[in-house]
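Some notes on the structure that comes next.
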Amino acid sequence: MNIVKLRTNHLINPIGYALDASINLSWQVEDAYSKWQSAARIMVAMEPDFRKDSILFDTGKDEHINQLSYPLQLNWLPYTRYYWKVTVWGDEEEVAESEIAYFETAKRSEPWLASWITKPESLENHPMFIKTVHITKPIRRARAYVCGLGLYELYLNDEKIGNEFLMPGYHAYDLFMQYQTYDMTEQFTIGEHIIQAMVGDGWYKGRFVFEGGYENLYGDQQAFIYEMHLEYEDGSTVIVCTDNTWNCYNSPVVKSNIYDGEEFDSRLVLSSQELKSADLLPVCPIDIDYQKLSERYNPPIHIVEKLEPVQLIISEIGEKILDFGQILTGWVEFEAEVPSDHFITLEHSELMQDGCFYNDNLRTAKAQFMYIGDGTTKRIRPHFTFYGFRYVKVTGIDDIQLKHFKACVIMSDIEETGFIETSNAKVNKLFSNAKWGQKSNFLDIPTDCPQRDERMGWTGDVSVFASTSCFNMRTPAFYHHYLKNLRLEQQLIQGSIPFFVPKPKVAYHEGINPFLISDGAATWGDVATILPWTLFQHYGDVGALRVHYPIMKDWVNHVRALDIENGDHKLWDHGRHLGDWLALDHDSPSPIGATDMHYISSAYYYHSTLLLCKAANVLGYSEDERIYGELASLIKDAFVKKYFDEQGQLTILPTQTAYVLALHFKLFPEDKAQDVLHKLKEQISDNNGHLNTGFVGTPYLCLVLSEYGANDVAYKLLLNEEYPGWLYEVNLGATTIWERWNSLLPDGKISGTEMNSLNHYAYGSIADWMYQKMCGFTLEGDKGGFQEMIIRPLPDPSFSYVTGRLDTVAGTYQVEWRYMEQGHIQYSVVIPFNATATVFLPDGRSYRLTSGKHRI
Ligand code: BGC
């Protein structure tokens with residue numbers, strides 16, 4: 000028996016993360032011959048040897064400890080590493096002890112001794128801040144608490160510290176500023192050390208926000224703060240802080256921002272040796288509120304993969320274009336000897352048109368990297384920007400050698416957890432594209448797209464992709480960071496929810512309250528209930544649900560207040576919404592589909608109220624459960640009364656999405672499910688067997704078809720290769736999911752440039768259906784965390800096999816189905832240790848299975 004993946008707040012050995020509420024400990028058990036955990040024991044200590052006098056907490060052998068989430072509440076000290084381990088007893092007299100895990104606090108509420116510094120005005124480029132320290136005795140422990148505004152990279156003696164990029168990441172800087180903690184014990188040997196930090200503009204002050212953008216959104220000067228606590232072997236301590244003894248000089252990054260890219264002048268790179276005689280300027284103090292500094296929430300941004308170019312394209316007009324074969328988010332790293340004063344430019348794009356480089360759909364984002372050589376060979380990459388691209392046009396290098404170039408895929412480093420393979424290669428590609436959609440848009444916050452002048456945390460996109468994203472990857476820490484931002488912004492607007500989080504408070508610039516601008520629309524705002532509940536379903540973390548509950552409740556109360564203000568119809572039948580965004584069910588150029596927008600908002604009002612009620616039930620808030628349960632049933636009554644006539648027909652313009660929502664949220668007159676399903680099928684066949692749904696209808700379309708008995712129609716929609724449909728994109732060479740069903744026309748021409756990204760994850764939500772219905776990993780049951788899984792695969796003879804694997808917090812499940820001779824289907828199922836699954840087969844048989852491999 001092996002105990003693995005010991006996580007603290009869903010992160011492995013986190014250092015310097017915020018501990019807002021109780022800490023959640025979790026782990027997984029592998030290679031056990033026991034089926035069940037009969038008991039477990041958790042110990043927490045101040046020292047890794049767990050010697051008696053260092054033990055802070057010991058549950059003792061306890062039968063009730065749950066591996067999914069153990070809430071730990073102690074009085075956390077600042078600057079302290081806590082060690083923990085678990086012992087698990089199996090039912091077969093098996094026992095195992097885990098390795099030692101840890102988490103470490105940062106400053107907690109200790110005051111900052113360091114001061115914020117900035118550059119003098121005379122410095123034109125992004126600044127490099129610098130300080131030399133002399134270490135005279137052996138060091139026992141070195142920790143640096145660091146933040147840079149907008150973005151920073153920290154160096155010690157010419158080496159970058161840590162493997163994170165784009166720190167401190169993207170958050171609502173007006174409300175909190177996350178600092179990082181670096182363990183630098185190893186680096187600080189006896190001798191002289193040069194600490195340097197290069198600071199760029201990033202989200203904090205670089206051009207950002209669609210429609211031209213704004214500069215200086217959160218501040219108009221770069222700033223840096225560094226506080227390092229050194230402990231010598233002899234017990235003495237010293238603190239190194241940013242203050243007026245630091246200096247600065249022009250860094251090689253001449254300028255940068257998220258949309259336009261970076262200009263890097265390598266002639267300005269100074270080695271430690273050159274720095275000794277360089278002209279350094281004293282830094283200036285800058286007044287930034289220390290209270291805003293907060294321990295971090297965001298998982299690290301890492302390079303998670305490097306791709307080699309698959310070909311060098313020389314276009315008709317002589318452009319040299321690297322093709323990486325995959326749309327991704329990140330940058331290109333290359334090695335080159337560039338003559339002094341010589342320019343190299345890289346331009347990034349998602350697609351080619353007429354055999355040439357094309358990037359008009361990036362709108363105003365220049366997405367460039369410009370490099371000026373210094374006559375030496377260097378490994379070159381940008382620092383304070385990122386690009387969404389597949390193709391890179393290179394200017395300034397005559398002899399391009401593919402082997403010198405690598406595309407670095409950057410994302411918030413979270414684990415992949417869901418894997419599906421089928422007998423259909425195109426469907427496999429579609430699944431891969433949906434994953435890449437997530438990989439390339441989970442960069443500190445969930446972005447709508449990573450390439451054009453937008454890249455913002457649109458809430459509606461998260462609402463519709465939440466479940467898929469949790470199947471694909473272990474998201475709780477990533478989303479906790481997003482929800483932290485969302486909560487802080489929600490509190491400024493009386494429970495409403497911005498269209499995007501963080502919300503750049505653009506209107507501050509125009510002197511008006513930025514929150515007066517139409518926030519809080521259906522589906523987008525409903526991320527407030529959908530995301531916390533989806534997280535609970537996937538990860539079973541009750542503590543996290545409790546932390547997020549006020550977001551859910553305030554949102555529902557906000558919509559309820561609007562309802563009361565507008566006549567108390569128990570409907571959300573007013574206000575402007577984005578409707579079924581980008582649906583194809585009408586002829587007008589408006590992106591808002593044909594489905595009545597108040598039908599959609601009312602349906603979501605019901606859905607959110609019901610999710611709140613379910614959350615209240617899990618948390619034992621019985622009064623809330625009653626109140627919101629009653630409200631939900633009143634909304635349902637009002638909804639059915641308003642939107643269905645006595646014959647059970649819709650009273651609004653019938654659309655696929657209208658029927659999909661009715662079925663998914665169970666908002667139809669009693670006993671009318673099959674009628675509604677019938678109507679939905681009719682809509683699909685009237686549309687030549689094609690979907691025409693947008694952001695709202697698409698995620699649930701195949702789910703409801705399979706659930707209510709039209710599984711074959713769901714498979715047909717999936718396998719449809721013509722426009723509109725998922726495989727249409729695959730046939731046109733997509734490597735991610737497009738924003739629009741017709742982002743490209745059948746001849747490969749782009750359909751427009753206004754709002755047309757080839758990398759939007761919303762329609763990748765078909766993967767949710769693939770997990771839940773194809774493989775059968777359902778979200779049924781209100782327990783959360785998959786320790787009691789209901790597996791309900793719905794095979795279809797259009798595939799000869801499907802295999803799915805899901806690494807849940809409760810362990811790894813696998814489901815495979817395979818058509819054998821004479822139409823028999825063989826099922827193989829793997830259930831993890833300490834879990835049960837009830838498997839329901841389409842022919843009505845069901846099995847209750849425990850840990851192990853099973854074949855049916
Ligand atoms: C974004 C979307 C977003 C929408 C809503 C677009 O520009 O890219 O994904 O949800 O606007 O208005």
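Residue numbering for the sequence shown follows numbering that gives the first Met the number 0, beginning at 0 and increasing consecutively. Note that the Cβ used here is the ideal one computed from N, Cα and C, for glycine as well. As the structure is a computational prediction, the values presented were derived from the model and not from experiment.
Item                                                                                                                  : Value
Rounded separation between L583 and N691 - CA only                                                                    : 5 Å
Where Y101 falls: helix, strand or coil (DSSP)                                                                        : strand
Cβ-Cβ separation, I789 to G780 (assumed contact under 8 Å), whole Å                                                   : 6 Å
Run of the alpha helix (DSSP H) containing A366, from where it starts to where it stops                               : Taken as a continuous stretch (DSSP letters only), A366 belongs to no alpha helix (DSSP H), as it is neither H nor E.
Residues of its chain near I409, where Cβ-Cβ distance is below 8 Å and the 5 sequence neighbours each way are ignored : F164, L165, I300, H301, I302, V303, T328, G329, W330, F385 and L442
In DSSP terms, what A39 is bridged to                                                                                 : D61 and V87
Environment of Y172 [buried if 16+ CB atoms lie within 10 Å]                                                          : buried
Sheet register partners of N423 (DSSP bridge)                                                                         : Looking at the DSSP assignment, N423 forms no beta bridge with any residue, so it has no partner.
Rounded distance between the beta-carbons of A602 and L666, thought under 8 Å                                         : 6 Å
beta-carbon L577 near the ligand BGC non-hydrogen atom, thresh 7 Å                                                    : yes
Boundaries (first-last residue) of the beta strand (DSSP E) holding P531                                              : Taken as a continuous stretch (DSSP letters only), P531 belongs to no beta strand (DSSP E), being part of the alpha helix (DSSP H) at V526 to Y538.
Backbone secondary structure at F774 - three-state DSSP                                                               : Inspection of the sequence shows that residue 774 is occupied by Cys rather than by Phe. In the structure shown, C774 sits in a helix (DSSP, three-state: H, G or I).
Cβ pair count under 8 Å reaching 3, the stretch 6-13 against the stretch 523-537                                      : no
Backbone CA spacing between I550 and P167 [nearest angstrom]                                                          : 25 Å
Same chain only: Cβ atoms within 7 Å of N427, ignoring 5 sequence neighbours per side                                 : E420 and T421
Same chain only: Cβ atoms within 7 Å of K917, ignoring 5 sequence neighbours per side                                 : Because the chain here runs from 0 to 855, residue 917 falls outside it and cannot be looked at.
Where I599 falls: helix, strand or coil (DSSP)                                                                        : helix
Proximity test, P448 beta-carbon vs the ligand BGC heavy atom, cut-off 7 Å                                            : Looking at the sequence provided, one finds Cys at residue 448 rather than Pro. Yes.
Straight-line Cα distance separating G199 from L267                                                                   : 15 Å
Alpha-carbon to alpha-carbon, A433 and A406                                                                           : 20 Å
G459 CB to nearest heavy atom of the ligand BGC below 7 Å                                                             : yes
Cβ pair count under 8 Å reaching 3, the stretch 25-32 against the stretch 70-77                                       : no
Best match in F383, E415 and S270 for proximity to K377 [C-alpha to C-alpha]                                          : S270
Pairwise C-alpha distance: H689 and Y722                                                                              : 8 Å
Inter-residue spacing [alpha-carbon to alpha-carbon] between V282 and S114                                            : 11 Å
CB contact check: A143 to chain B, cutoff 8 Å                                                                         : Although the question refers to chain B, the structure presented lacks it and comprises just one protein chain.
Boundaries (first-last residue) of the beta strand (DSSP E) holding A277                                              : Where A277 is concerned, there is no enclosing beta strand (DSSP E), given that its DSSP letter is neither H nor E.
Cβ neighbours of E93 in the same chain (closer than 7 Å, five flanking residues each side left out)                   : M0, A31, Y32 and S33
Cβ-heavy atom distance, M551 to the ligand BGC, below 7 Å                                                             : no
Residue range of the unbroken alpha helix (DSSP H) whose run includes Y627                                            : S621 to Y642
Through-space distance from N256 to H557, alpha-carbon basis                                                          : 36 Å
Per-residue burial, N687 [other beta carbons within 10 Å of its own, 16 or more giving buried]                        : exposed
Top-ranked residue by Cα proximity to F418, from D48, A766 and D57                                                    : A766
Outcome for L744 when other beta-carbon atoms lying within 10 angstroms are tallied against a minimum of 16           : exposed
Endpoints, the alpha helix (DSSP H) within which Y144 is located                                                      : Y144 -> not in any alpha helix (DSSP H); beta strand (DSSP E) instead, spanning I138 to L148.
Beta-carbon proximity list for Y289, same chain, < 6 Å, skipping 5 on both sides                                      : W111
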